[in-house]
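Working notes, structure below.
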Amino acid sequence: MDNILRSRQLSKHFFQKKALEKVDINIEKGKIYGILGPNGGGKSTLLKLAAGLLKPSSGEIWIDEKKPGVYTKSIVSYLPESNYFYKWMRIRDALAFFKDFYRDFDIEKARENLVFMKLDEMEKISSLSKGMLGRLKLTLALSRNAHLFLLDEPLNGIDPVSREKIIASILNAFNKKSTIVICSHLIYYIEKLLDYIFFLSEGQIILQGNAEELRNKKTMSIDQLYQEVFQS
Amino acid sequence: MMSLLKYEIYRRWKWLVIRYAALITLGVIFYNRTVVAPMQYEIAAASMGKFILVSIVVFVIIIVEGINMLKEDLFEQSGYLTFTIPRSGKSILFSKISLLFLQLTFWTIICFQFGKMFFSKLPLKEISQITSQIDFPFFPSILFIMTAFFNFVLMVHFSITLTKTLLYNKKYSGIISVGIFFLLAYLIEKFYYGPFASQIQHVYIEINNTSDMSMLSAGYTSVFMNVILSVIFFSATAYLLENKINI
Chain A
69 MDNILRSRQL
79 SKHFFQKKAL
89 EKVDINIEKG
99 KIYGILGPNG
109 GGKSTLLKLA
119 AGLLKPSSGE
129 IWIDEKKPGV
139 YTKSIVSYLP
149 ESNYFYKWMR
159 IRDALAFFKD
169 FYRDFDIEKA
179 RENLVFMKLD
189 EMEKISSLSK
199 GMLGRLKLTL
209 ALSRNAHLFL
219 LDEPLNGIDP
229 VSREKIIASI
239 LNAFNKKSTI
249 VICSHLIYYI
259 EKLLDYIFFL
269 SEGQIILQGN
279 AEELRNKKTM
289 SIDQLYQEVF
299 QS
Chain B
18 MMSLLKYEIY
28 RRWKWLVIRY
38 AALITLGVIF
48 YNRTVVAPMQ
58 YEIAAASMGK
68 FILVSIVVFV
78 IIIVEGINML
88 KEDLFEQSGY
98 LTFTIPRSGK
108 SILFSKISLL
118 FLQLTFWTII
128 CFQFGKMFFS
138 KLPLKEISQI
148 TSQIDFPFFP
158 SILFIMTAFF
168 NFVLMVHFSI
178 TLTKTLLYNK
188 KYSGIISVGI
198 FFLLAYLIEK
208 FYYGPFASQI
218 QHVYIEINNT
228 SDMSMLSAGY
238 TSVFMNVILS
248 VIFFSATAYL
258 LENKINI
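Taken in sequence, the protein lines are chains A and B. Each residue of the first sequence is one higher than the one before, starting from 69 at the first, in my numbering. Each residue of the second sequence is one higher than the one before, starting from 18 at the first, in my numbering.
Encoded structure:
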């Protein structure tokens, strides 16, 4: 199978702290991956390295066999955890921004998603609640026909009703040409989406495997497995 | 590139409008004082002085904003938006510098026009006597000042970028980058402009050549030296933004 993302001995250190330590991963095209682990485990760092916002301390990472750069940014749709919009923006400005910079951005799809997410184009982004902001970020990220979606904690701060909407949107955006990587510690909600999982703790992969196989082998859900692994 | 420039303008259009509207409005107010009090040269000079003060304040704001344009994206979360779009570091930096250039050009045009209007209200005879005594290459001097400020902004951009690139994991990256800025300023003064300035001095003393031509050529050479430095700092900053960024 073709890999859309792979890393070899990928490490990232912040001062003395090892956020990632010699991580080897292969992410194949056409699947949904979960990178699961507690806060501070290195999940966001891994996504930021793939998005080109961080550079590795050592080791390498490739997206579609290229190092993160202008090309990879054109095929990667990255959803950061934080509110990254410019302060002056209304929702319609954010749509226009994405349309101007991403050739694969489907503005009609975005408008449909906005309706689905119950968001008004005229609203100022600075006045949105945390849940609405999360829905907006996801709407924009998933309205691209990107090869790789990197979703960093898409459910954080989102109420249970909105979580269901978000999961429906993720499923809707997924097709066999795209790959989705979701980082989260809210396993219960995303478990049903995942084809393959990585458990990441203290910068290292401590467990990985096909989600279905792991469920069968351990005779428990991924959520229960997560509890077992990280409580021990 | 135009899209990037468009969003740089969008981000701060209100302040841009306020800034230039204030400069023009105050210019008109001060100029009107000279119109209602013709031949009262003290009033004309005072009004002109106030306009110069206002224009300096606006100029400082433009320069500070020119620095902040990159600083915001490097140190605030909006950087996640700016630095994940598929554009090169060169394009991103160029859009910011282009806006600075446009602002300085606009500022120069406004100040130049008001300058001409104020001068027309001063005693023509005395003014022409003063100007005839000053051997001052006006155009290269303006160019030199403009390029010097570009250099300054690009040097600051370079130093700021260091904190989020090569110095990212250093404990005192902020202080170190400030130190690097001053070190660069010192080195440029000592080894780049210094020898050139002493060469010019030498020519004046030894040959006693103070013709317009030599002044002009010295002025344009200084501008050229500034442009070279600007290109170096621009390329270095763009390279760091493209290849070494950690935000």
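The C-beta atom is built at its ideal place from N, Cα and C for all residues, glycine as well.
Residue environment for T180/B: buried (at least 16 other C-beta atoms within 10 angstroms of its C-beta). Residues of the same chain with a CB within less than 6 Å of the CB of Y257/A, apart from the 5 flanking positions on each side, are L223, R231 in chain order. Taken atom to atom, the span from the alpha-carbon of N260/B to that of K90/A is near 21 Å. When Cβ pairs closer than 8 Å are counted between the two stretches, the segment 137-148 of chain B is seen not to touch the segment 75-88 of chain B, the count staying below three.
Taking the CA atoms as reference points, W32/B sits about 23 Å from Y97/B.
Within the same chain, no Cβ atom closer than 7 Å to the Cβ of K23/B is found once the five residues on either side in sequence are excluded. What P148/A touches in chain B, judged by beta-carbon distance under 7 Å, is Y97, going in chain order. For Q272/A, the uninterrupted beta strand (DSSP E) segment begins and ends at 272-278. Residues of chain A with a Cβ closer than 9 Å to the Cβ of K133/B do not exist; the shortest Cβ-Cβ separation is about 36 Å.
Residues of chain B with a Cβ closer than 9 Å to the Cβ of K123/A are, in chain order, T182, Y185, N260, K261, I262, N263. Contact with chain A is found for R28/B, since one of that chain's Cβ atoms lies less than 8 Å from the residue's Cβ.
Note on geometry: alpha-carbon atoms of I60/B and A54/B lie some 7 Å from one another.
From the listed residues P103/B, Y256/B, N49/B, the smallest Cα separation to A63/B is found for N49/B. Fully contained in the segment 225-271 of chain A are the following beta strand (DSSP E) runs of length 3 or more, in chain order: 247-252, 264-269. Ranked by how close their Cα comes to the Cα of I93/A, the residues K80/A, K85/A, F83/A, R76/A have R76/A in first place. For the pair D227/A and K205/A, the Cα-to-Cα distance works out to about 15 Å. For E133/A, the three-state secondary structure derived from DSSP is coil.
The alpha-carbon of L21/B is positioned some 19 Å away from that of I175/A. Per DSSP, I78/B is one residue of the alpha helix (DSSP H) stretching across 58-92. CA-CA distance, L268/A to R158/A, rounds to 36 Å. Taking the C-beta atoms as reference points, Y170/A is found no nearer than 8 Å to Q94/B. One thing to note: T247/A has its Cβ no nearer than 8 Å to the Cβ of K116/A. Linking F118/B to S149/B through their CA atoms gives a straight-line distance of about 32 Å. Neighbours of D168/A in chain B, taken as residues at a C-beta separation under 8 Å, are given in chain order as S20, K23, Y24.
About 11 Å separates the CB atoms of F82/A and K188/B; that is not less than 8 Å, and the two are not in contact.
Neighbours of H81/A in chain B, taken as residues whose beta carbon is under 9 Å from its own, are N186 in chain order. Under the 10 Å beta carbon count, M18/B is surrounded by fewer than 16 other beta carbons and is classified as exposed. Judged by pairs of C-beta atoms under 8 Å, the segment 104-115 of chain B touches the segment 248-258 of chain B, as three or more such pairs exist.
No residue range can be given for E221/A, since it is assigned to no alpha helix (DSSP H) and is classified by DSSP as neither H nor E.
Neighbourhood of F165/A in chain B, by CB distance below 8 Å: Y24, L98, in chain order. Across the set N243/B, F169/B, L40/B, F175/B, the C-alpha of F175/B shows the shortest separation from the C-alpha of K88/B.
K85/A: member of the beta strand (DSSP E) spanning 85-96, first to last residue. Proximity of the segment 196-212 of chain A to the segment 134-152 of chain A meets the contact definition, three or more beta-carbon pairs being nearer than 8 Å. The beta-bridge partner set that DSSP reports for S75/A consists of I93/A, I129/A. The C-alpha of N168/B is placed about 47 Å away from the C-alpha of L104/A.
For R36/B, there are no C-beta contacts with chain A under 9 Å, since the nearest C-beta of that chain is about 16 Å from it.
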